Amino acid sequence: MGAQLRVYKRRIKSVTATKKITRAMEMIAASRIIKAQRKVTASEPYAKELTHAVTAVAQGSDTKHPLLTEAEQPRRAAVLLITSDRGLAGGYNSNAIKAAEQLNTRLAAEGKEVESYIVGSKGVAYYSFRDRAVKESFTGFTDNPSYADAKAVAAPLIEAVQRETTEGGVDELHIVYTEFVSMMTQTAVDARMLPLSFAGGVESAAEGEGTAKGGTALMPLYDFEPSAEDVLDALLPRYVESRVYNALLQAAASKHAATRRAMKSATDNAEDLIKSLTRLANAARQADITQEISEIVGGASALADANAGSDR
């Protein structure tokens, strides 16, 4: 067997082993997508009702709660960036980081100092490599986040919003994550979580629910015990936790979808490479056979000439 043919056979064996790995990773990611989608769906009713409760308190009272009130001159903003702990997901992490960079640039242009909170080893590594300050970082759970993880992430954010800016607090809270649209489409988005913004009297996250026909906002009147402010103190941390949890779940589903797509592409490329190498190996084998035949024919011809000369 020729040296070139041995090289091709080794490469085919190596690529075949890689193909088995990428195929397995594709199937694992596909199974995880379904589980992540179910969690996203299960979390939506709680987040939706919690949003309505917060909206009702905000609309039914005239309290000026710090988590609802816009600062006259906002000076500092916290940005939570959600990435993954692992790679092999195509442009998933880079797209989320790019969206966060654009948000940071926009906030800086508005004269706001940005404090970064990072979820996922990939985002942490990006900021660490560039020597950028990170207020808090969280890793180790991005593939399968729990509500306890969301509470741990939300806790320092809530604390920062509740403090005065002169004491290290922030005026705004933003989140950057990857929204799961479909198996083929995942979009990096940024959203402001706090202070709550109202459109027509209804918090924007409620997607317009609670408005009457004709676009007039419902303005119910409530009595609160012990007070509307105390109710908001209890509700708004849960609101932030639910938003963070939903974002973590959306990001996890998006990451698994991106991994599945990337691994399918890698598997298809491996199959194409195996076919190409197989053709080259066949050509090399054919060349070796042809050379061997030529050598045999040449040797037989030389032997025949030698025998003919000895007969003379």
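Our numbering runs 2 ahead of the 1-based position in the sequence shown. Here a beta-carbon is modelled for each residue, glycine too, at the ideal position from N, C-alpha and C. Note that the coordinates shown come from a computational prediction; the quantities given were computed from them, not determined experimentally.
At a cut-off of 3 residues, not a single continuous stretch assigned as beta strand (DSSP E) sits fully inside the region 242–299. For MET195, the enclosing beta strand (DSSP E) covers residues 188–196. Around the beta carbon of LYS114, a 10 Å sphere encloses 16 or more other beta carbons of the protein chains shown; the residue is thus reported as buried. Inter-residue distance for PRO76 and ILE160 is about 17 angstroms (C-alpha atoms, whole angstroms). Under the DSSP assignment, ALA49 falls outside any beta strand (DSSP E), being part of the alpha helix (DSSP H) whose first and last residues are 5–61.
Separation of LEU234 and ALA58 (C-alpha to C-alpha, rounded to the nearest whole angstrom) is 10 angstroms. Bounds of the beta strand (DSSP E) holding PHE182 are 174–182. ALA272 is positioned such that its CB atom lies no closer than 8 angstroms to that of LEU90. Scanning its chain for C-beta atoms nearer than 7 angstroms, with the 5 sequence neighbours on each side dropped, one finds around ALA38 the residues LEU251, ALA254, ALA255 and HIS258, in chain order. A distance of 8 angstroms or more separates the beta carbons of ALA49 and ARG194. By the Cβ test, the region 89–103 is in contact with the region 116–135, since at least three Cβ pairs between them sit closer than 8 angstroms. Here PRO47 is exposed, its C-beta having fewer than 16 other C-beta atoms within 10 Å. Between the alpha carbons of MET27 and ARG108 lies a gap of roughly 38 angstroms.
In the DSSP assignment, no residue is bridged to SER96.
When only Cα atoms are considered, GLY142 and VAL155 end up about 12 angstroms apart. The beta-bridge partner set that DSSP reports for ARG78 consists of GLU115. Across the structure, MET186 and THR144 are spaced so that their CA atoms are roughly 20 angstroms apart. Shown here, VAL163 sits in a helix according to DSSP, grouped into three states. A distance below 7 angstroms between beta-carbons, with the five flanking residues on each side excluded, links ALA152 to the following residues of its chain, in chain order: GLU243, VAL246, TYR247 and LEU250. Contact between the region 170–179 and the region 266–282 is absent: fewer than 3 CB-CB pairs across the two stretches fall below 8 angstroms.
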